[in-house]
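Protein chains in written order, with the working numbering: chain A, 235 to 382; chain B, 235 to 382.
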DNA sequence: TTATTTGCAAATAGTTTGCATCGAG
DNA sequence: CTCGATGCAAACTATTTGCAAATAA
């Protein structure tokens, strides 16, 4: 079942935060872009194109921060460039990013469960392999690189 | 067998590059800090403390770039913060970084060989799991987080 | 009313770039 | 002598912060 803008807004409210137009707009964008990789910049411009209102980037970052604290949003880093935000329900996968063309694929985080156990046994670390993407070459770019 | 500063310098020379004091100093620092995680900033200050000469950070970045192009250096990203550089011989491991205290552990890249195959089969991507570190909590910080 | 939020502008971190000068070959 | 390398300063990307003005409750 999909999380709605109201779910996000209610979560903010239950954290004792005030519900402002800016926060409402950010929540609406996030809820309306399920499954996408949203950056702070795209959220900023989506808010503008969706509502006609201009809000500041710092406001976006602050809103995203609150949502993360509330546990309703997570961010991760796909290679270089800006962080991407998504709903936690979409978090259980590892992003694989083509360093040449930027293509993104996802692999279930479960495929790394054994490795996470290995790391715990070897180092004591409890790792989260989803927070940073894994770079590589997509099939097309790998072929292009070979042919070169 | 350890790579020496002269090995690095020779590689630059064989790329047709000129051997300057700045490049010599950078090579010396890298060869003298085997197995360490060098950032551009530490290399810059090491050059200063080792030789007394001040070189510019852009010169450091440019030298590191040339060495990477020559295949004698690689960089990777451990969580947020600056990139770290090391010799390729030390590249075959995945860095695991504590997001709370910054502790770093290494796991052999071989432990992910099966996963790399899985990713190739599932997505066609040829990934390099060593370029980005994996975040998590070290044993101590995980215990502290539990106890909280 | 009044504490929270906001927008703005400036600071920050890491890295890159343009350009005149310098120096290796 | 000549072209590549350097230093400098400025640009750049992504993000954070200080602060006075605006506003939700």
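Built from N, CA and C at the ideal position, the CB exists for glycine as well.
Burial state of residue i (16 or more Cβ within 10 Å)
i                      : result
residue 379 of chain A : exposed
residue 257 of chain A : buried
residue 383 of chain B : The requested residue 383 of chain B does not occur in the structure, where chain B is confined to residues 235 to 382.
residue 377 of chain B : exposed
residue 326 of chain B : exposed
residue 375 of chain B : buried
Whether residue i touches residue j by CB criterion (8 Å)
i                      : j                      : result
residue 239 of chain B : residue 262 of chain B : yes
residue 357 of chain A : residue 341 of chain B : yes
residue 237 of chain A : residue 246 of chain A : no
residue 312 of chain A : residue 264 of chain A : no
residue 321 of chain B : residue 359 of chain A : no
residue 291 of chain B : residue 278 of chain B : yes
residue 289 of chain B : residue 259 of chain B : yes
residue 324 of chain B : residue 287 of chain B : no
residue 304 of chain B : residue 249 of chain B : yes
residue 368 of chain A : residue 328 of chain A : yes
Proximal residues of chain B, C-beta to C-beta of residue i below 7 Å
i                      : result
residue 345 of chain A : 349, 352
residue 360 of chain A : 370, 371, 376
residue 356 of chain A : 341
Cross-strand partners of residue i (DSSP beta bridge)
i                      : result
residue 273 of chain B : Bridge partners of residue 273 of chain B: none, in fact.
residue 360 of chain B : A:371
residue 331 of chain A : A:338, A:369
residue 308 of chain B : B:320
For residue j and residue i, believed in contact at Cβ under 8 Å, the rounded distance
i                      : j                      : result
residue 330 of chain A : residue 361 of chain B : 6 Å
residue 318 of chain A : residue 271 of chain A : 4 Å
residue 366 of chain B : residue 310 of chain B : 7 Å
residue 352 of chain A : residue 316 of chain A : In fact, because the Cβ distance is near 31 Å, the residues do not count as touching under 8 Å.
residue 349 of chain A : residue 346 of chain B : 6 Å
Partner residues on chain A for residue i, Cβ-Cβ distance less than 7 Å
i                      : result
residue 365 of chain B : 369
Within chain B, the residues that residue i reaches when beta carbons sit closer than 8 Å
i                      : result
residue 332 of chain A : 359
The ligand NAD heavy atom lying under 7 Å from the CB of residue i
i                      : result
residue 343 of chain B : The model depicted lacks the ligand NAD and carries no ligand whatsoever.
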